[in-house]
Amino acid sequence: MSTIYSSGITDIKASVNNVNSFNLIKTKTLLTSAFIASALFLSACSSITVKSSEASNYNSDLGIRYLQKGRLNLANEKLLKALEQNPNSAQSNHYYAILQQKLGNTKKAETYFLKAVNISPKNPEIRNNYGSFLCDSGRPQAAIKQFNVAINDPLYRTPEFAYTNAGICLRKTNNDAKAETYFRQALKKKSAFPSALLEMAKLYSDRGNYPRAQAFMLRYESVGHSSPEALELCSKINTKMGDHAKAGKCKAALLRLFPASKEAQQAN
């Protein structure tokens, strides 16, 4: 009986093992099927996400181009579409903020600048442009903090922009000495950076040091573009230096190229 039982017990165990083995195989099959279905679903979602992200990037790039060309309505349309497709795009939030700043929508601009900063806190370009916005909004100290974050990023490819912007902002607080150190740092990074050269010419002109102002103005003229501000400054500096011929040329260029500018109106 013991043998039978033994045999019987063995048979029962074998039967249970066979059932468990079948259930295990069946469960594995079900799990595998579920995994495949899940993987296919995730793959489809991933594909949709990638396509949505690609579409967002495409619309964002278009929006930026329109913004650069001054076609603000089209820029608004494309950047909004990009944000709809990917609300977490730092680039789209960043340039939509710049667009709103151009349109004079200060509160909206700040909202999107903050979104861009939160999404990509280590992006120096965003920090620099947010700093410019804060400075234009009458918050120079907050602005300078943003510029310094950008400046202190060793991977920032164009720190001369943030240095110059910080200097401009410091001048608004009447801290010309510190502003000059920032302008000089900008020129140390890029000796022919037009914006910093023009700011140095303005700084020395305001101090009444016209020889130094003229020297920076000459450097600016070799690399910079004509603008109402630059031509007005050129006329002023050269008048003070007694070079009336050069001053007259600058004034004539101002009236010819930018007749509707406030500088041209004041020159008449």
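Here the sequence shown stands for residues 1 to 268, where the numbers follow UniProt numbering.
Ideal placement from N, C-alpha and C gives every residue a C-beta, glycine not left out.
In this structure, the beta-carbon distance from Ile-119 to Asn-93 falls below 8 Å. If you look at Ser-120, you'll find it isn't in any alpha helix (DSSP H); DSSP assigns it neither H nor E. Going by DSSP, Ala-142 is part of the alpha helix (DSSP H) stretching over 140-151. A straight line joining the alpha-carbon of Leu-80 with that of Val-117 spans about 18 Å.
Along the length of the region 156-234, whole alpha helix (DSSP H) runs at least 4 residues long occupy 159-172, 176-189, 194-206 and 210-223, reported in chain order.
In the DSSP assignment, Asn-86 falls outside any alpha helix (DSSP H) and carries neither an H nor an E.
The beta carbon of Tyr-96 lies closer than 7 Å to those of Leu-79, Leu-83 and Tyr-112 in the same chain, with the five residues before and after it left out.
Here Arg-171 is buried. Its C-beta has 16 or more other C-beta atoms within 10 Å. Proximity of the region 178-186 to the region 153-169 meets the contact definition, three or more beta-carbon pairs being nearer than 8 Å. By a beta-carbon distance limit of 8 Å, Ala-264 contacts Phe-258. Their separation comes to about 5 Å.
Counting along the chain, no alpha helix (DSSP H) covers Arg-71, and no H or E run does either. By the C-beta density criterion, Asn-129 is buried, having at least 16 other C-beta atoms within 10 angstroms.
Counting only residues of its own chain and dropping the five nearest sequence neighbours on each side, Gln-100 has a CB closer than 6 Å to the CB of Lys-108 and Ala-109. In this model, Asn-175 and Ala-230 are separated by some 22 Å (Cα to Cα).
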